[in-house]
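Start counting the sequence shown at 5; every next residue gets the next number (the working numbering). Glycine included, each C-beta is placed from N, C-alpha and C at the ideal position. Here the structure is laid out as structure tokens; the discussion comes afterwards.
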Amino acid sequence: MKFDFCSFYMNLFHKSLFLSILIFIKHSSERNVRFNIPYHYEESCSNILLKETKPKCWCQIQRSSIFDTDEVEYCKNFSRKDKNVQYDEYVISDVEKLNLKFDTFYKFNNINSNLEIFLCDHVKKSEFLIFYEFLISYYLLNYKMTIDKFYTILYFLEYFRVKQDDKLRNLMKMILYSLSISDDIKHFDLDKVSFHFSKQVYFSHELFKKISQEYFKIMNFKMSSFLPFFIKENEYDISNRYKGLYSKDKKHVLEINFEFKLFFDEYKAKNQKSKYLFILLLNTLDIKYLHVYNMNEYKFRTLCFILQNLKKKIYEIVFFHWSICDETIRYLNDNLVYTNQTKIVFITSAIVTNIIFTDNLSKINDIIFYEDNILNKNYKVMKIQDIDNLNTIDRMIKNLQHSYRKFSDEDSIFDDKNMAEIKRQFYFKVFKQDELKNKVKIIESLYFNSNHREIKGFYENNDLFTNISITFRKSNWKNFTFKDTILEKNINEIKIVNSKINCSFLVDILSLKELEKLTIYNSEIVIENNVVFSNKSIKYFRFQTWNCDDFFLFYQLISKMTSLKEIFVEFSYRFEFISFMKPNI
């Protein structure tokens, strides 16, 4: 058989051509990224001061606080070149190999084009180079990871809007592990962490969560379902019954409770590196509030460790059923960073100290003591059992303001025979201290109940009512009797159950400026024609009905609530089944 050289070379040519086309396609699909860094000359002190006084840059904002439309504009800003600025160029070839997705690389460019990105003039070249080197070799374990590199990498991940996915989780785990074996953790310096607080301001809450989650993974924490640094918004805890005494924001709370102590005892004390890595995490997460639960003197060292090593500004500390001793006051005074907005709340806490709040603690804005046992004997609020017997709400208010209730906080403390002497002396010293006298508040629980109304909230001295919740039930409500009373401006929640709601009553409710929650259960609503009403304060609306005709009223209501965040609708429909049997003929 004769070999056909012509066919052989033709086939070889076709295969070579096909291979060349594949190679061309492959290379044509590669996307390179050119980073343009503003060239910084050596700056004088006056130039640095001028830069610091410039308006806030468009990039210096948390991702979570940007709306979707603004996020697109954010990404587009990276394509805008300043003609008056010189740039240094750095290129990353084939960005797809990074295995990380950045919104700024994809949202404003053609998918097949190379990218050119212009960084802001406040970005330091030295810091960008840390991130640039990391991108080139991030898949390798970095034994030279430092605290400075750690925060710089996190900052640029947010700066370029990295996609929050499993790839980022793996990356975070590797960075944390690299840091855990680094010399910077071995020779830990908390000041290095504090230096980067300014970068953390722009971290999104989702990034903080991933840092926390991956930290627990590399620590092999057994309680995988438990994350002590974050509380779910709908999660119930002991503090719910005291809502109104403390901030509602659960996302930024560190709970120091029994589970936290388990974690603390097992992992913090493993070795010095574990301890230092925990301190770094403590000062990395967006913690603004501390909640301290049911901890006796044997668990006290956990709290002391937190107070001693947490260097972020704390805006609120809440003690639930806690024994306040000398060491607590000393650690509070010596360690935490306070602002004039900081608040400390003691909820039914035992006080076993003679030390009062001085020096650093005197900067606190509010000191609140919730003490039922002090006030119940002097304030006859709890003894009004049936408010329906009062003709008007004004008479109830007058009853509350009766002369036998006119005690100062000091008088209330002195009159309480059941109070421990050490606690009494502590309060006296606090009230006599000029820097604190106007900051201290003693609060009691307020509660009225009758067949048709229930009122709950808190009462402070000087006839101040706060966080008022009112339930109306089983009646025909024509007039809102709380209008123009001292309760009106502090009504936070209203529930209407199995009632008839007339138009004037509804209009008065929706005019309340502090009302945040409104619940209507199985109630008839009468809305008259040509009635104008609206509400800007209600954030949570719950609606339940048996009648499908009420849905038109439901839509009317929510259309007038302009600040709604959450709506819950429950519709229960009754079916009546009638069976007909065919007669036998």
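_Supposed contact pair Leu211 and Leu158 - C-beta distance, whole angstroms, cut 8 angstroms_ = With 8 angstroms as the limit, Leu158 and Leu211 qualify as a contact, their Cβ atoms being about 7 angstroms apart.
*Pick out whichever of Glu320, Arg38, Lys443 has its Cα sitting closest to the Cα of Tyr250.*
When each option's Cα is compared against that of Tyr250, the closest is Glu320.
*Which residue comes first and which comes last in the alpha helix (DSSP H) that contains Lys433?*
Annotation for Lys433: the continuous alpha helix (DSSP H) segment containing it runs 425–436.
_Out of Tyr431, Leu194, Ile291, Glu263, which one is the CA nearest neighbour of Lys279?_
Of Tyr431, Leu194, Ile291, Glu263, the residue nearest in Cα terms is Leu194.
_I'd like the ranges of any alpha helix (DSSP H) spanning at least 4 consecutive residues and lying wholly in the segment 478–527._
Listed in chain order, the alpha helix (DSSP H) runs fully inside the segment 478–527 are 507–514, counting runs of at least 4 residues.
*asked:* How far does the beta strand (DSSP E) with His295 in it extend, from its first residue to its last?
replied: 293–297 is the extent of the beta strand (DSSP E) around His295.
*According to DSSP, which residues form a beta bridge with Ser449?*
DSSP, once it has assigned bridges, lists Phe462 as partnering Ser449.
*Measure the Cβ-Cβ separation of Phe356 and Ser327 and say whether it is below 8 angstroms.*
First, the amino acid is wrong: residue 356 is Val here, not Phe. Against a cut-off of 8 angstroms, the Cβ pair of Ser327 and Val356 comes out as a contact.
*Since Ser184 and Leu123 are thought to touch, with beta carbons under 8 angstroms apart, how far apart are those beta carbons, to the nearest angstrom?*
About 30 angstroms separates the beta carbon of Ser184 from that of Leu123, a gap too long to meet the 8 angstroms contact definition.
*Grab the span of the alpha helix (DSSP H) containing Leu258 for me, first residue to last.*
No alpha helix (DSSP H) holds Leu258; the beta strand (DSSP E) holding it covers 257–260.
*Could you round the C-beta distance between Ile519 and Ile495 to whole angstroms and report it? I think they count as a contact, below 8 angstroms.*
It is worth fixing the name first, because residue 519 is Leu in this sequence and not Ile. 6 angstroms between Cβ atoms; contact.
*Alpha carbon to alpha carbon, how far is Phe199 from Leu119? Give it in angstroms, no decimals.*
Roughly 33 angstroms between the two C-alpha positions.
*Any 3 or more C-beta pairs closer than 8 angstroms across the segment 451–458 and the segment 468–477*: The segment 451–458 vs the segment 468–477: in contact.
*asked:* Which of the three DSSP states is assigned to Tyr246 in this structure?
replied: Looking at Tyr246 - three-state DSSP - the assignment turns out to be helix.
*asked:* To the nearest angstrom, how far is the alpha carbon of Val197 from that of Leu266?
replied: Annotation: Val197 to Leu266 spans about 25 angstroms, alpha carbon to alpha carbon.
*CB-CB under 6 angstroms to Leu285, same chain, minus the five flanking residues each way: which ones, in chain order?*
Cβ neighbours of Leu285 within its own chain (closer than 6 angstroms, five residues either side excluded): Tyr219.
*Could you name the residues of the same chain whose beta carbon sits closer than 6 angstroms to that of Thr306, not counting the 5 residues immediately before and after it, in chain order?*
Same-chain partners within the cutoff: Lys265, Phe268.
*Thinking Phe323 and Val349 are a contact (beta carbons under 8 angstroms), I'd like their distance in whole angstroms, please.*
For Phe323 against Val349, the beta-carbon gap comes to about 7 angstroms, under 8 angstroms, which counts as contact.
*Mind reading off the beta-carbon distance from His256 to Lys221? Whole number of angstroms is fine, and I expect it under 8 angstroms.*
So it is not a contact: roughly 22 angstroms between Cβ atoms.
*Which stretch, first to last residue, makes up the beta strand (DSSP E) that contains Lys347?*
Start and end: 347–351.
*According to DSSP, which residues form a beta bridge with Arg457?*
DSSP lists Phe476 as partners of Arg457.
*Mind checking Glu574: buried by the 16 CB within 10 Å criterion, or exposed?*
Glu574 comes out exposed.
*CB Val444 to CB Phe452, shorter than 8 angstroms?*
No, they are not a contact pair.
*Three-way DSSP call (helix, strand, coil) for Phe373 in this model*: Three-state result, Phe373: strand.
*Label Gln204 either buried or exposed according to how many other C-beta atoms from any shown protein chain fall within 10 Å of its C-beta, with 16 as the threshold for buried.*
In this structure Gln204 is buried. Its beta-carbon is surrounded by 16 or more other beta-carbon atoms within 10 angstroms.
*asked:* Using only the alpha-carbon positions, how far apart do Gln217 and Phe207 sit?
replied: Distance between Gln217 and Phe207, taken at the CA atoms: about 15 angstroms.
*Express the C-alpha separation of Lys247 and Leu468 in angstroms, rounding to a whole number.*
Separation of Leu468 and Lys247 (C-alpha to C-alpha, rounded to the nearest whole angstrom) is 17 angstroms.
*Leaving aside the five residues before and after Asp290 along the sequence, list all residues of the same chain whose C-beta is less than 6 angstroms from its C-beta, in chain order.*
Same-chain partners within the cutoff: Phe212, His256.
*What does a CB cutoff of less than 8 angstroms around Arg173 pick up in its chain, not counting 5 residues either side in sequence?*
Excluding sequence neighbours, Arg173 sits near Lys214, Gln217, Glu218.
*Environment of Ile500 [buried if 16+ CB atoms lie within 10 Å]*: Ile500 comes out buried.
*asked:* Using 8 angstroms as the threshold, is the C-beta distance between Ile121 and Asn40 below it?
replied: Here Ile121 is near Asn40, since their CB atoms are less than 8 angstroms apart.
*Starting from Leu365, trace the alpha helix (DSSP H) both ways and give me its first and last residue.*
No alpha helix (DSSP H) holds Leu365; DSSP gives it neither H nor E.
*With which residues is Glu574 paired in a DSSP beta bridge?*
According to DSSP, Glu574 bridges with Gln548.
*Rounded separation between Ser527 and Lys315 - CA only*: Take the alpha-carbon of Ser527 and the one of Lys315: they are about 52 angstroms apart.
*In terms of alpha-carbon separation, which member of Cys552, Lys148, Gln276, Met149 lies closest to Lys190?*
The shortest C-alpha separation from Lys190 is found at Gln276.
_Residues sharing a beta bridge with Ser327, DSSP_ = Answer by DSSP bridge pairing, in chain order: Ala354.
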